[in-house]
Amino acid sequence: MDGNMHMILQNLEFRKEFAKLNHSTCLYEGGLWKVRVLIPDGYPYKPPTILFTNKIYHPNVDEKNGMVCLNAIDEAWSPIFCLLNAFEVFLPQLLLDPNPSDPFNKEAAALMMSDLAVYELTVKEYCEKYAKPDDEAVSSEEKTTDEELSEADAHSSDETVVAKPDI
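Right under this line is the structure:
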C-alpha cells in the first residue's frame, strides 16, 4: 500500500491514508480512505484499534465513529503481526470481503444480504462523496466524534494515504 505513517501528539496513535488496494474488483476501489490507528498498552498481544476518519459504508465499520469491528480484528490478530500487516493485509481484506454476519453497521449488512446491487451502489456513492482522492481537507462530517479528535487533529496535515485501490 502507498502511504506514510506518523506518530501524532506523542501518543501511541498513528494516522494513515490508503489509496491502493491493488484489486480492481473491490467496491472501495478509487476511494482515498483515511484511518487512525490507536496502539493499546498490551500491543502486540492486543490488536490496535482502527478507525476510518472519513465516512465509509461497510458492514464491519461503525458508520457513526468509523471504528472497525473489534471481532474482525481480534479474529485475525496475532502478536507476530506488526502494524504493516494491518495496512497491507487486514484493511485490504476487510474492504475486499465484508462480513455481514458480524456487523457494526447493521443497515449495511442487511442491505448487503437482501439487495446486493443497491448495497454496491450505496458503497460507490459513499466513495464518491466521502473518499475523493483530490479532496485535501476532511470535512467535519467525515471526522469521528469530537471526543475522539482534538481540535489540533482537525487542523493537522499529518494524515497520510493508506490505500487507494487501483482501477
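Numbering of the sequence shown is given in the UniProt record's numbering, commencing with residue 1 and proceeding in unit increments. We put the CB at the ideal spot given by N, CA and C, even for glycine. Note that the structure is predicted; figures quoted are calculated from it, not measured.
Neighbour-count burial assignment, residue i, 16 or more Cβ in a 10 Å radius
i, result
"Ala117", "exposed"
"Gly42", "exposed"
"Tyr45", "exposed"
"Glu141", "Per-residue confidence for Glu141 stands at a pLDDT of 48, beneath the threshold of 50, marking its modelled position as unreliable; no derived number is given."
"Cys82", "exposed"
"Lys143", "Note on Lys143: pLDDT 47, under 50, position unreliable in the model; no value is reported."
"Pro103", "buried"
"Lys55", "buried"
"Leu84", "exposed"
Helix, strand or coil at residue i [DSSP, three-state]
i, result
"Phe90", "helix"
"residue 176", "Examination of residue 176 is not possible in this model, given that the chain is present from 1 through 167 alone."
"Leu32", "coil"
"Leu38", "strand"
Residues near residue i in its chain [Cβ-Cβ closer than 7 Å; skip 5 each side]
i, result
"Met113", "Pro100"
"Ile80", "none"
"Cys127", "Tyr28, Gly30, Gly31"
"Ala76", "Phe90"
Closest by C-alpha distance to residue i, when choosing among the options
i, options, result
"Asn74", "Glu88, Pro47, Ala131", "What sits at residue 74 in the sequence shown is Asp, not Asn. Of the candidates Glu88, Pro47, Ala131, the one whose C-alpha sits nearest the C-alpha of Asp74 is Pro47."
"Phe90", "Pro40, Thr49, Leu32, Pro103", "Thr49"
"Tyr28", "Gly66, Pro98, Val37, Pro40", "Pro98"
"Cys26", "Glu120, Ala110, Glu128", "Glu120"
"Val35", "Ala76, Lys129, Ser78, Ala86", "Ala86"
Beta-carbon proximity list for residue i, same chain, < 8 Å, skipping 5 on both sides
i, result
"Asn105", "Tyr57, His58, Pro59, Asn60, Val61, Asp62, Glu63"
"Thr122", "Tyr57, Ala108, Leu111"
"Lys129", "Lys55"
Residues near residue i by beta carbon distance below 6 Å, same chain, minus five either side
i, result
"Pro40", "Lys46"
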